[in-house]
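When the letters of the sequence shown are read in order and numbered with the working numbering, they come out as residues 218 to 602.
Backbone N, C-alpha and C fix where the C-beta goes; we use that ideal spot for every residue, glycine too.
Remember, it's a predicted structure, so these values are computed and weren't measured experimentally.
Only one structure is covered here, and it is reproduced in the block below.
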Amino acid sequence: MKWIIRLLTVCSIIGPLRLAAQWEQVGESGNAYAIALQGSLVFSGLQNDSVYVSADQGDTWSTANTGITNATCWWLESIDGTLYNGTQGGPSFRSTDNGATWVDIGMNGARGFTKHNDTLYVCRWYSGSVHWSVDEGDTWNATEALSGSGGLWPMLSYHGYLFLGGQGGGVYRIQHSTDAWQQMNNGLTGLNIYTFATIGDRLYLGGTNGVWYSDDDGTTWTATGFTGQVTYALHTVGSQLYAGGDFGIRFSSDSGATWTLINDGLSAALTARLVDDGTYLYAGVYNGGGVNRRLLSEITSDVHEIVGERPRPSLFPVPARDRVQLTWPGHVPVQYRVRDLSGSLAATGAVGDGSIGVAGLPAGAYFLEVSDRGGERVVLRLVRE
């Protein structure tokens, strides 16, 4: 975790020397549900309109909808050089020629595509189902049925798991296409999930109650410094985290502890999609806002921060046999819980002098969750030999 001091500099300049850094709308107006990058091409999908493509980072656009029979594009994804397009009221489409032509691959109401274990997955909004394909969408098979959720939106392959977000059901995960889905909502409030992202070993989600994170593959969730507002889009650039939603766009450079609004020039507030090409950050905006872009270098230079590292907790020895010693500078640990990799509780107790007994655990890998007197919580990886 990092401490941040934000330095706000107000400059008064006499004369029109230069415009302040800000967003600019590029391309057609409309509700931009989808943006995807493939090579040097930028694709966008608008509600009740075409799929568009730009070869010059958004300066100019042309239609790319030959073969598409439904006008509302809900999702665009580039996977291994193939483009996938999910539509609101019709089937999904696939393009293997950079959007020049599209073919129908079924799967009505698709709201997400991803690759997991060399298998293509699609999640669907109206049916609340997930299907998988080993032939790039020529044929499909259903996963196990999900319970407790409405429409399905985001998916992410991460750390050997396929993560899925549901409306009312929260977070689900599986490892293989034939597995039963597990709900992974411990600690989470607000069970409409719209987006996932990762930085290193940390998994983030955005939903009805802002941005949350997990350090144990979804077993437990903790709020970031931004909650209380609907978050539809998350995107990471290195260690930088961006969030889009009803509020516009926010930026964090300290793993989500603190956030800054970066809405100057944004054509409309409600942001549904964020991607970058290394030069620009692109935003898909509702309420007629279309596609907006902003130089990444402008964002990072406009938000001035002094960042200091807090000492991180550690365990010794690794692997452990009978006991582990927890060191957490500046904290007084009081309680611990040990969970296996499936999320099941394996042990719990008081930390005492920082020494935790593990002799009763079978050999293997675990997640150790420790709480301090102030209620702060940390999750560490524990290995029992």
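Legend entry - Alpha-carbon to alpha-carbon, Met324 and Ala281: 20 Å
Inset, instruction - Decide if Thr358 is buried, meaning its Cβ has at least 16 other Cβ atoms within 10 Å, or exposed. - result: The question names Thr, but residue 358 in the sequence shown is Asn. Exposed is the call here.
Legend entry - Nearest to Tyr378 (by Cα), restricted to the options Trp370, Met401, Gly368: Met401
Legend entry - Status (buried if at least 16 other CB within 10 Å, exposed otherwise) for Thr313: exposed
Legend entry - Whole-angstrom distance between Ile466 and Tyr449, CA atom to CA atom: 10 Å
Legend entry - 7 Å Cβ shell around Asn315 - same chain, five flanking residues per side excluded: Gln255, Leu258
Inset, instruction - Give the straight-line distance between the Cα atoms of Cys340 and Asp434, rounded to the nearest whole angstrom. - result: Rounded to whole angstroms, Cys340 to Asp434 spans 20 Å at the Cα level.
Legend entry - Reference His548, options Arg590, Asp539, Thr565, Phe584, closest by Cα: Arg590
Inset, instruction - Identify every run of the beta strand (DSSP E) within the region 336-375, keeping only runs that are complete inside it and at least 3 residues long; order them along the chain. - result: Whole beta strand (DSSP E) segments, 3+ residues: 336-341, 347-350, 369-375.
Inset, instruction - Quick one: residues in its chain with C-beta nearer than 8 Å to the C-beta of Leu513, no 5 flanking neighbours on either side, listed in chain order? - result: Val454, Asp493, Gly495, Thr496, Tyr497, Leu498
Inset, instruction - Report the three-state DSSP secondary structure of Ser514 (helix, strand or coil). - result: helix
Inset, instruction - Report the rounded CA-to-CA distance for Tyr343 versus Gly326, giving the unit in angstroms. - result: Going from the Cα of Tyr343 to the Cα of Gly326 covers about 6 Å.
Inset, instruction - Give the C-beta separation of Tyr301 and Phe260 to the nearest angstrom, bearing in mind that I take them to be a contact with Cβ-Cβ under 8 Å. - result: Tyr301 to Phe260, Cβ: 11 Å. No contact.
Inset, instruction - Using alpha carbons as the reference points, say which of Gly365, Val320, Arg540, Gly298 lies closest to Thr304. - result: Among Gly365, Val320, Arg540, Gly298, the Cα nearest to that of Thr304 belongs to Val320.
Legend entry - Outcome for Leu558 when other beta-carbon atoms lying within 10 angstroms are tallied against a minimum of 16: exposed
Legend entry - Contact belief for Trp490 with Ala272 at Cβ below 8 Å, rounded distance in angstroms: First, the amino acid is wrong: residue 490 is Arg here, not Trp. With 8 Å as the limit, Arg490 and Ala272 do not qualify as a contact, their Cβ atoms being about 20 Å apart.
Legend entry - Glu602 (DSSP reduced to helix, strand or coil): Coil.
Inset, instruction - Just the C-alpha distance for Val595 and Thr283, rounded to the nearest angstrom, thanks. - result: 51 Å
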